[in-house]
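Numbering (this note's numbering), first residue to last: 1 to 216. Beta carbons: idealized from backbone N, C-alpha and C, even for Gly. Remember, predicted model here, so these are calculated numbers, not experimental data.
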Ligand code: AMP
């Protein structure tokens with residue numbers, strides 16, 4: 001199975017696609033957002049620093065994220081994997097290109113999720129995440145609301161709103177995506193690695209199209 005790099009604006013559905021591929025196709029998943037949310041919980045100078053930047057919707061510096069990312073990638077490099085949230089800048093993409101070369105990875109596809117920006121704000125501010133099993137819900141969209149308010153349908157855990165899913169922080173994250181991450185689309189197009197998937201359709205259709213890209 002091809003390795004996958006997901007490029008998409010915040011709240012476009014990277015996590016949902018990743019969970020599906022992990023549960024149904026045996027993929028390993030590296031989410032740099034999850035790695036950094038764990039760092040942000042540390043009661044240390046580094047933890048407080050990371051937590052502050054994430055609350056503002058800013059990127060964490062490469063001195064912190066690159067070694068953490070490399071460590072995770074080396075653990076799973078011999079299995080099929082999804083990179084969710086990395087790379088996010090051209091500097092990180094160059095780093096990844098070199099790392100892939102060093103460890104002999106060439107079989108990968110980059111999927112850009114194309115989504116109407118007007119949908120994203122509601123997806124972000126309505127998102128609720130289970131504190132224990134990480135299942136996600138959305139309080140604005142039928143079919144995605146939890147059956148009981150703030151309780152996970154799957155495990156009964158508490159649902160919370162991520163600290164960076166407020167309207168103000170979402171707007172910062174989206175701006176940073178446009179300026180720092182969107183240039184990766186041309187970067188991977190030039191390498192012949194890029195595929196585009198329309199993410200304005202149903203979850204089933206999105207997943208079908210993602211699977212098609214992985215099998216091409
Ligand atoms: P995500 O869960 O992918 O939306 O990421 C949440 C937040 O983690 C981002 O808004 C950034 O603050 C931080 N983050 C995640 N991945 C990276 C990365 N590759 N480089 C820098 N910061 C990151």
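Non-local C-beta neighbours of residue 116 in its own chain, meaning closer than 8 Å and more than five positions away in sequence, comprise 200, ordered along the chain. Closest in alpha carbon position to residue 79, among 89, 30, 16 and 46, is 30. Around the beta carbon of residue 83, 16 or more other beta carbons lie within 10 angstroms, which makes this residue buried. Per DSSP, the unbroken alpha helix (DSSP H) holding residue 205 starts and ends at 203-215. Note on geometry: alpha-carbon atoms of residue 196 and residue 55 lie some 30 Å from one another. Straight through space, the alpha carbons of residue 97 and residue 203 are spaced by roughly 30 Å.
In this structure, residue 66 has its CB at a distance of at least 6 Å from all heavy atoms of ligand 1. The alpha helix (DSSP H) runs of length 4 or more contained entirely in the stretch 68-145 are, from start to end of the chain, 90-103 and 117-125. Between the alpha carbons of residue 156 and residue 146 lies a distance of about 10 Å. Remark: the C-beta of residue 85 is in contact range of ligand 1, defined as less than 6 Å to any heavy atom. Relative to the non-hydrogen atoms of ligand 1, the Cβ of residue 32 comes within a distance shorter than 6 Å of at least one. Under the DSSP definition of a beta bridge, residue 198 partners with 114.
Counting of Cβ neighbours within 10 angstroms places residue 188 among the buried residues, the total reaching 16 or more.
The Cβ atoms of residue 32 and residue 180 lie no closer than 7 Å to each other.
In summary, residue 63 is exposed, with fewer than 16 beta-carbon neighbours lying within 10 Å of its beta-carbon over all protein chains present. DSSP places residue 179 outside any alpha helix (DSSP H), giving it a letter other than H or E.
Shown here, residue 43 sits in coil according to DSSP, grouped into three states, outside any helix or strand. Within the same chain, 197 come within 6 Å of residue 209 by CB-CB distance, once the 5 residues on both sides are set aside.
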